[in-house]
Amino acid sequence: MERIVIKGGRPLKGTIKIGGAKNSVVALIPAALLADGNVTIQNVPNITDRDALFDIVKFLNCDIKQDGNVVKINSSKLRNTLITQELSVKLRASYYFMGVLLGKYKHVEMFFPGGCNIGNRPIDIHLKAFKEMGATVTKRGHKYMLDAEHLHGADIKLRFASVGATINIMLAAVLADGVTTIKNAAKEPHVVDVANFLNTIGAKIIGAGTDIITITGVKKLGKNVNYSVVPDQIEAGTYILMGALLGKNLKVDGIVPEHNQALFEKLEKMGVKFTLGDTYVILNKSRKLKPVDVKTLVYPGFPTDLGQPMSVLLTQADGESVFEETIWENRFGHFPYLIKMGAKIETEGRIAKIHGKTNLTGTEINATDLRGGAALILAGLIAKGKTTIYDIDHILRGYENIINKLSNVGAKIELEEYNVE
Ligand code: EPU
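Take the sequence shown: its letters are residues -9 to 411, numbered as in my numbering.
In structure tokens form, the structure reads like this:
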């Protein structure tokens, strides 16, 4: 087994390059199966969620080749069989095979997806939309079977602007008969990226990035395409927060600044020193930080996936910050460990009062989920002494080369083998 060991307090200087967006690529890999030709995807991050999707693509008898950050997929020999529980529980995004296979073959069988333990995670919004498009849904235990004699366009109003449902509906609708309209659609950058990719392979989607997306079904998707994944808004935000805590002219490079507008607004209010360029930001540690209230919201609001890393910055502000998580029920799993390190945090439901400034001290802690794990790395980097983080698989699911990226800018962080007793 491996754990992460950090010796805290080192300034971060140099450049961190941001990779392709995890939450886009986990949809693009299944989406590539919609195309009849060869699909090349550039800027695919080396994360374990990617590998879990590769396993499903191979299981469906498709060709997949990976060379560094370039992935080539050919689905000409696709066999549409039941996706096993073992494969689908490895990640939440396995649900994108539902939209893809329903769209292409009008039939899909798979088990309920897995993912981080951050809340209930139902898929009722996805299934309701598929039914509105003419599919029947049969559920036996954890297994789902979707069939559509005639998959057709529909006027779909989402009860919540779900990222997964918006993408899944687009995946099914691109090959459906007629026009599908998604109202109250999610507007996250990765939703736009998936729409751009689908249009590149021949789909007709307009309005991605706004509340209303319109998809006109086509008969066939294909031709050989080459697509590059959008930079990861959340990876960027995580390193930006590290720069706010420890930066000495730390450059976070290869970003789309407007995707992190909500974060930059909060940093400005707190008094963080940063200089924004077209595709980069340079950050310096501030001696004094002001407290700020943060409420997570759908895009363009403050992203839920940055709430946990942000909470670490709030422990370093002088005074009380109120932090509210509105998207997931259970995104406070890292708090007991921050408290163990010396943070002062009181929670009531989905609201946390964070009292700063507190000095953190290194200790042994556990990553409970992906972004909570990233938050613990932030805490370890600023803590006095040695921090050891266990259950790091959660972190490696979504952060490419995090150990190297941080070591290269001066952090004392390494992976260490250990034996489980
Ligand atoms: N929801 C339902 N029913 C549904 C779908 C969602 O009630 O059918 C609820 C969820 O329970 C949750 C809220 O709606 O309370 C948001 O869910 P959404 O569908 O938007 O999230 P998701 O597609 O499951 C993606 C990302 C998450 C990210 C959210 C919100 C992937 C694979 N996951 O999840 O990423 O938090 O959007 O932006 O794209 C992460 O990267 O750490 C992560 C958890």
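A virtual CB, placed ideally from N, CA and C, is assigned to each residue, including glycine.
Any non-hydrogen atom of the ligand EPU closer than 6 angstroms to residue i Cβ
{"i": "alanine 252", "result": "no"}
{"i": "aspartate 295", "result": "yes"}
{"i": "histidine 249", "result": "no"}
{"i": "histidine 116", "result": "yes"}
{"i": "arginine 130", "result": "no"}
{"i": "isoleucine 382", "result": "no"}
{"i": "serine 66", "result": "no"}
{"i": "asparagine 33", "result": "no"}
{"i": "arginine 82", "result": "yes"}
{"i": "proline 112", "result": "yes"}
{"i": "arginine 321", "result": "no"}
{"i": "glycine 362", "result": "no"}
{"i": "serine 397", "result": "no"}
{"i": "asparagine 174", "result": "no"}
{"i": "phenylalanine 150", "result": "yes"}
{"i": "glycine 227", "result": "no"}
{"i": "asparagine 13", "result": "yes"}
{"i": "alanine 155", "result": "yes"}
{"i": "isoleucine 372", "result": "no"}
{"i": "valine 284", "result": "no"}
Separation of residue j from residue i, as counted between CA atoms
{"i": "threonine 156", "j": "glycine 261", "result": "36 angstroms"}
{"i": "valine 410", "j": "alanine 357", "result": "17 angstroms"}
{"i": "isoleucine 224", "j": "aspartate 295", "result": "7 angstroms"}
{"i": "glutamate 319", "j": "tyrosine 289", "result": "18 angstroms"}
{"i": "valine 242", "j": "proline 35", "result": "16 angstroms"}
{"i": "threonine 206", "j": "alanine 144", "result": "10 angstroms"}
{"i": "valine 47", "j": "asparagine 28", "result": "14 angstroms"}
{"i": "valine 271", "j": "glutamate 255", "result": "14 angstroms"}
{"i": "glycine 212", "j": "methionine 300", "result": "41 angstroms"}
{"i": "asparagine 189", "j": "isoleucine 195", "result": "6 angstroms"}
{"i": "leucine 161", "j": "methionine 88", "result": "9 angstroms"}
{"i": "leucine 396", "j": "alanine 369", "result": "14 angstroms"}
{"i": "valine 90", "j": "glycine 375", "result": "49 angstroms"}
As assigned by DSSP and simplified to three states, the class of residue i
{"i": "aspartate 243", "result": "strand"}
{"i": "valine 219", "result": "coil"}
{"i": "arginine 82", "result": "helix"}
{"i": "tyrosine 270", "result": "strand"}
{"i": "glutamine 306", "result": "coil"}
{"i": "glycine 10", "result": "strand"}
{"i": "tyrosine 95", "result": "helix"}
{"i": "glutamate 76", "result": "helix"}
{"i": "valine 15", "result": "helix"}
{"i": "alanine 357", "result": "coil"}
{"i": "leucine 412", "result": "Residue 412 cannot be examined here, being either before or after the span of the chain that is shown, -9 to 411."}
{"i": "serine 311", "result": "strand"}
Buried or exposed by the 16-neighbour rule on C-beta atoms within 10 Å, applied to residue i
{"i": "arginine 130", "result": "exposed"}
{"i": "glycine 352", "result": "buried"}
{"i": "arginine 69", "result": "exposed"}
{"i": "asparagine 214", "result": "exposed"}
{"i": "lysine 210", "result": "exposed"}
{"i": "isoleucine 6", "result": "buried"}
{"i": "isoleucine 73", "result": "buried"}
Closer than 7 angstroms to chain C by CB, residue i
{"i": "leucine 235", "result": "Here chain C cannot be found, since the structure has a single protein chain."}
First and last residue of the uninterrupted beta strand (DSSP E) at residue i
{"i": "histidine 345", "result": "341 to 346"}
Bounding residues of the alpha helix (DSSP H) (the contiguous stretch that carries residue i)
{"i": "glutamate 255", "result": "251 to 260"}
{"i": "valine 208", "result": "Looking at the DSSP string, valine 208 is not in any alpha helix (DSSP H), and its letter there is neither H nor E."}
{"i": "tyrosine 134", "result": "Taken as a continuous stretch (DSSP letters only), tyrosine 134 belongs to no alpha helix (DSSP H), being part of the beta strand (DSSP E) at 133 to 137."}
{"i": "asparagine 189", "result": "179 to 190"}
{"i": "aspartate 414", "result": "Shown here, the chain extends from -9 to 411; a query on residue 414 therefore has no answer."}
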